[in-house]
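Engineer:
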Amino acid sequence: MTDTNLVEYNPKIADIPMGDRPRERLLYFGPSALSNAELLAIILRVGGVGQNAVRLAESLLAHFDGLPGLARASVAEMTQIKGVGIAKVAQIKAALEIGRRLLCTSPDE
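Here the sequence shown stands for residues 40 to 148, where the numbers follow the working numbering.
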C-alpha cells in the first residue's frame, strides 16, 4: 500500500467525544483554553465537504498565516478556500469586527 492510497479520517464534530468538542470545552474551561482554530470553528459552526469545522478553521489559518492574515484577507480571497462561502466569510468578518471594536473602546465602557 502506498501513501497515495491512504484515506485521511476526518471525524464530524458529533463523532468527537463531548469533552473534546470546541463549544463544550469553551463552556467548561473558558475561551482561553481553546486554540485559535477551535475558536474560529465555533464561529464557523460547520465545516465543508469532508472536513469538520476545526479542520476548516485550521486550513483558513494556515492559508492566511494566522489571525492577522485572516483579518486582512478579502472576501474574494477567503471564498477561494474550499468549504468557505459568503455566509462563512460574513461570520468571520463580523467576529473580527467585534474584536476590533472592543479594542477601540475605552476601559470604562
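Note that beta-carbon positions come from the ideal geometry of N, C-alpha and C, so glycine has one too.
It should be emphasised that the depicted structure is a prediction, and the values quoted were computed from it without experimental measurement.
Ile131: buried (16+ other C-beta within 10 angstroms of its C-beta) or exposed?
Structural biologist: Position 92 of the sequence shown holds residue 131. Buried: at least 16 other Cβ atoms inside 10 Å.
Engineer: How big is the Cα-Cα spacing for Pro70 and Arg64?
Structural biologist: Locating residue 70 in the sequence shown gives position 31, counting from the first residue. Locating residue 64 in the sequence shown gives position 25, counting from the first residue. When rounded, the distance between both Cα atoms is 8 Å.
Engineer: Can you look up Gly87 in the DSSP assignment and give me helix, strand or coil?
Structural biologist: Residue numbering aside, residue 87 sits at position 48 when the sequence shown is read from its first letter. Reduced to three states, the DSSP call for Gly87 is strand.
Engineer: Measure the alpha-carbon distance for Arg62 versus Cys143 and round it to whole angstroms.
Structural biologist: If you number the sequence shown from 1, residue 62 lands on position 23. If you number the sequence shown from 1, residue 143 lands on position 104. Rounded to the nearest angstrom, the two C-alpha atoms are 27 Å apart.
Engineer: Any idea what DSSP makes of Arg60, helix, strand or coil?
Structural biologist: Stepping through the sequence shown from its first residue, residue 60 is reached at position 21. Coil, per DSSP.
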